[in-house]
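J.:
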Amino acid sequence: ETGVTQSPTHLIKTRGQQVTLRCSSQSGHNTVSWYQQALGQGPQFIFQYYREEENGRGNFPPRFSGLQFPNYSSELNVNALELDDSALYLCASSFGTGWETQYFGPGTRLLVL
Amino acid sequence: DQQVKQNSPSLSVQEGRISILNCDYTNSMFDYFLWYKKYPAEGPTFLISISSIKDKNEDGRFTVFLNKSAKHLSLHIVPSQPGDSAVYFCAASAGANSKLTFGKGITLSVRP
Chain A
61 ETGVTQSPTH LIKTRGQQVT LRCSSQSGHN TVSWYQQALG QGPQFIFQYY REEENGRGNF
121 PPRFSGLQFP NYSSELNVNA LELDDSALYL CASSFGTGWE TQYFGPGTRL LVL
Chain B
59 DQQVKQNSPS LSVQEGRISI LNCDYTNSMF DYFLWYKKYP AEGPTFLISI SSIKDKNEDG
119 RFTVFLNKSA KHLSLHIVPS QPGDSAVYFC AASAGANSKL TFGKGITLSV RP
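Keeping their order, the protein sequence lines are chains A and B. When we follow this note's numbering, the leftmost residue of the first sequence carries the number 61, and every step to the right adds one. When we follow this note's numbering, the leftmost residue of the second sequence carries the number 59, and every step to the right adds one.
1) Give me, in chain order, the residues of the same chain whose beta-carbon lies closer than 7 Å to that of P68 (chain A); leave out the 5 immediate sequence neighbours on both sides.
2) Where does the unbroken beta strand (DSSP E) through V71 (chain B) begin, and where does it stop?
3) Would you please state the rounded distance, in angstroms, between the beta carbons of V64 (chain A) and F164 (chain A)? I believe it to be under 8 Å.
4) Looking at the ligand FAD, does it come within less than 7 Å of N65 (chain B), judged from the CB to the closest heavy atom?
5) Would you list, in chain order, the members of the region 75 to 101 of chain B that have their beta-carbon closer than 9 Å to a beta-carbon of chain A?
6) Count the CB pairs spanning the region 126 to 133 of chain A and the region 83 to 97 of chain A that are closer than 8 Å, and state whether there are at least three.
7) Can you find a CB in chain A that lies within less than 8 Å of the CB of F160 (chain B)?
8) CB-CB under 7 Å to L166 (chain B), same chain, minus the five flanking residues each way: which ones, in chain order?
9) Just the C-alpha distance for E138 (chain A) and Y149 (chain A), rounded to the nearest angstrom, thanks.
10) Please compile the residues from chain B whose C-beta is within a distance smaller than 9 Å of the C-beta of F105 (chain A).
11) Would S132 (chain B) pass as an interface residue toward chain A - the criterion being a Cβ-Cβ separation below 8 Å?
12) Cβ of P166 (chain A) less than 8 Å from any chain B Cβ?
13) Could you tell me which of B:K112, B:I111, B:S109 and B:L133 sits nearest to G204 (chain B), measuring between CA atoms?
14) Under 8 Å between C-beta atoms, does G118 (chain B) make it to chain C?
15) List, in order along the chain, the chain A residues whose C-beta lies closer than 7 Å to that of S66 (chain B)?
16) Roughly how many whole angstroms lie between the Cα atoms of F91 (chain B) and T161 (chain A)?
17) Could you compute how far the alpha carbon of A98 (chain A) sits from the alpha carbon of E73 (chain B)?
18) Is there a Cβ from chain B that is less than 8 Å from the Cβ of W94 (chain A)?
19) What are the partner residues of R123 (chain A), as DSSP defines its beta bridges?
20) So T157 (chain A) and Q108 (chain A) are in contact, right, with Cβ under 8 Å, and what is the actual spacing, rounded?
21) Rounding to the nearest angstrom, what Cα-Cα distance links D145 (chain A) and D113 (chain B) in this structure?
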């Protein structure tokens, strides 16, 4: 059974660019949640996808968007990057929407210059 | 506006002693609380949870206490082991399926 994987591990972008981060869910999981963790802060919930539909969203602007595919892998897209978007982006997968059962990936470190 | 607060950024304890990690919250709608542990270069892993209908939950060396009137919870680790050295996040939700709100985390160091 493979765990949650994320790609790329690190990324450097410039302000105004667009970025796509990818997450492969753990086998058998149908739910994925995305979090942003700024330096020195705890993870902040961005949104959750359950069976390819958005199932809840945190306080993030519309330029943060997502997608979940039929195989339950997921993408996080961020348009018009700002310097404050520099953070560790974590995805977590689970079977169902319960928080206890979510498994986190190692994250993608994004730096916006 | 931080709804989940972990005011102590770090804690250092001797191996074998008790570690007590504290967490306060301001949102009275929170009814489900979780603790996560995070090692460097890894994602957080679920440790233990507690529902607001309980005041204590125990799992091996880990016990979480909830004081609803004070809006305070604590994680006790007894006995502490060097492998417990990690960042610990407190998280809360208002309802089983509502969004999860995390605190900033506490770095625990267990000295051999």
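Idealized CB from N, CA, C, for every residue including glycine. These numbers were taken from a predicted model, which means no experiment stands behind them.
T.: Per the coordinate set shown:
1) Taken in chain order, the residues that qualify are T168.
2) Residues S68 to Q72.
3) 6 Å between Cβ atoms; contact.
4) Only the bare structure without any ligand can be found here, which leaves the ligand FAD out of the picture.
5) For the region 75 to 101 of chain B, the residues whose beta carbon sits under 9 Å from a beta carbon of chain A are, in order, Y90, L92, Y94, K96, A99, E100 and G101.
6) Contact holds: three or more Cβ-Cβ distances are below 8 Å.
7) So yes, F160 (chain B) belongs to the interface.
8) Excluding positions up to five away in sequence, the list reads L69, S77, L79, D142, S143, A144 and Y146.
9) The sequence given here places Val at residue 138 (chain A); Glu does not occur at that position. Here the alpha carbon of V138 (chain A) sits roughly 11 Å from the alpha carbon of Y149 (chain A).
10) Ordered by position in chain B, the residues that pass the 9 Å Cβ test against F105 (chain A) are K157, L158, T159 and F160.
11) No, S132 (chain B) lies away from the interface with chain A (no Cβ there is under 8 Å from its Cβ).
12) Yes, P166 (chain A) counts as interfacial toward chain B.
13) Since the first residue of chain B shown is 59 and the last is 170, residue 204 (chain B) is not available in this structure.
14) Any reference to chain C falls outside this structure, whose protein chains are A and B.
15) Counting only Cβ-Cβ distances below 7 Å, S66 (chain B) has no contacts in chain A at all, with the closest Cβ about 14 Å away.
16) One C-alpha to the other measures close to 14 Å.
17) When rounded, the distance between both Cα atoms is 31 Å.
18) Closer than 8 Å: no.
19) In the DSSP output, where bridge partners are listed per residue, R123 (chain A) has none listed.
20) Contact flag correct, Cβ pair sits at about 7 Å.
21) Computed Cα separation, rounded: 38 Å.
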